[in-house]
Amino acid sequence: MIHYIKHDDVDTEKWDRCINKAYNGMVYGYSWYLDVVCKEWDALVEDDYYRVFPITANKKAGIHYMYQPLFTQQLGIFSQGILNEEITRQFLEAIPSKYRLIEINLNAFNKPDIEKAPSHYIENRNYELDLIPPYEEIKKHYSKNLKRNLKKAEKEGITFMKSVKPEDVIDIFRKHRGKYIKKLDSEAYRKLKHLIYVLIYRGRGQVWGAYDSRNNMVAGAVFVKSSHKWIFLFSGTSSDAREMGAMPYLLDRFIFHNAHSNATFDFEGSNDENLARFYRSFGAKQCSYYQYTRNSLPWLVKNGVNAVKKLKNSIK
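The numbers in the working numbering rise by one with no breaks, and the one at position 142 of the sequence shown is 142.
(1) Identify every run of the alpha helix (DSSP H) within the segment 194 to 234, keeping only runs that are complete inside it and at least 4 residues long; order them along the chain.
(2) Give the DSSP-derived three-state secondary structure of Ser-296 in the structure shown.
(3) CB Ile-122 to CB Pro-166, shorter than 8 Å?
(4) So with Cβ pairs under 8 Å, would you call Lys-59 a contact of chain B?
(5) Closer than 6 Å by C-beta to Pro-298: which residues in its own chain qualify, once you throw out the five before and the five after it? Chain order, please.
(6) Please state whether the Cβ-Cβ distance between Ala-254 and Gly-209 is less than 8 Å.
(7) So, are the CB atoms of Ala-43 and Ile-5 less than 8 Å apart?
(8) For His-141, which residues from the same chain have a beta carbon less than 6 Å from its beta carbon, with the 5 sequence-adjacent residues on both sides left out?
(9) Taking buried to mean at least 16 other C-beta atoms within 10 Å of its own C-beta, is Asp-185 buried or exposed?
(10) Taking 8 Å as the cut-off, decide whether the C-beta atoms of Leu-92 and Asp-252 are in contact.
(11) Quick one, which of Ile-87, Lys-14, Val-27 and Ser-119 has its alpha-carbon nearest Val-224's?
(12) Expressed to the nearest angstrom, what Euclidean distance is found between the alpha-carbon atoms of Asp-16 and Arg-51?
(13) Give the DSSP bridge partners of Glu-128, in chain order.
(14) Between Arg-204, Arg-174 and Glu-85, which has its C-alpha nearest Thr-237's C-alpha?
(15) Output the boundary residues of the beta strand (DSSP E) element that contains Asp-8.
(16) In or out: Ile-138 buried (at least 16 other Cβ within 10 Å) or exposed?
(17) Between the beta-carbon of Leu-250 and the beta-carbon of Ala-219, is there less than 8 Å?
(18) What span of residues does the alpha helix (DSSP H) with Lys-39 cover, start to end?
(19) So, are the CB atoms of Asn-145 and Ser-281 less than 8 Å apart?
(20) If I'm right that Ala-22 touches Tyr-289 with Cβ under 8 Å, what's the distance once you round it to whole angstroms?
(21) Could you tell me the distance, in whole angstroms, from the CA atom of Glu-103 to the CA atom of Glu-273?
(22) Any heavy atom of the ligand SAH closer than 7 Å to the Cβ of Ile-132?
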């Protein structure tokens, strides 16, 4: 039986044990990870934590809603047994009715019955690279353009370090691409910094940096260990990094040092075609996960929410 449990009543030891044993366990699902990215999350729990489902929620203007926290690509049901459409349906129907607006990402192993409710699901793309083969075998599948960029980085004298400060990567991002992403405010960056340090403390996070010939950091990346998977969680690049091939070089070096291991490299996206093309250039294969949406707000409120979304999407 599925039970709804408030945040303070979640047995975090049993919860994390479930994530450890789950065949689809992911680092995003651990209680300590959720504590950083979502202030007060509740839970759906089946039996004695055999299956778990985090309720990442908030309340605004009297409306309870569920949302996908920043820095968590996938959540949904984590299970010690195989999942199917019926189990997925039961969990989604067990979400308390007080949550009138729901926009969450299920994980790739959650199998929704899309034909029965197609309007509730949006397919998202992800890209993963198998790290089991030796590096030279993996490199054979690199695109011609990627190989050109790696030669460019070599010519520019790009070097790398395996351990750099999280703040340095975040600062590069904020000064460049971050200027154009409105949803990332000071609180979001504070949360990201805290999360990276928690991951490093727990032995699950690595922060790598790429440097130009003058020893200036031009690119950085945060990699997270999640079961038999490495996740490319966050990155930052300077305005000069692209011309130097710094990020392709940094990712290639990470792949080199982790090849021939029982792991996959999760690029964590993307629906953006330019990013997707870049990830495919490493030989990564596309896989999918679904966003689940449900809006049971009153008609006038629902239209107001939709209008605000359309307005935000129209602003570049």
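In this text, a Cβ means the ideal position worked out from N, Cα and C, and glycines have one as well.
Reading off the structure:
(1) none
(2) coil
(3) no
(4) Annotation note: the requested chain B is absent from the structure, which comprises a single protein chain.
(5) none
(6) Sequence check: residue 254 is Phe here, not Ala. For Phe-254 and Gly-209, no; Cβs fall outside 8 Å.
(7) yes
(8) Gly-283
(9) exposed
(10) no
(11) Val-27
(12) 11 Å
(13) Asp-266 and Lys-285
(14) Arg-174
(15) Premise fails: Asp-8 is in no beta strand (DSSP E) and is neither H nor E.
(16) buried
(17) yes
(18) Where Lys-39 is concerned, there is no enclosing alpha helix (DSSP H), given that its DSSP letter is neither H nor E.
(19) yes
(20) At roughly 15 Å, the Cβ-Cβ gap does not stay under 8 Å, so Ala-22 and Tyr-289 are not in contact.
(21) 22 Å
(22) With respect to the ligand SAH, the structure offers nothing, as it holds no ligand at all.
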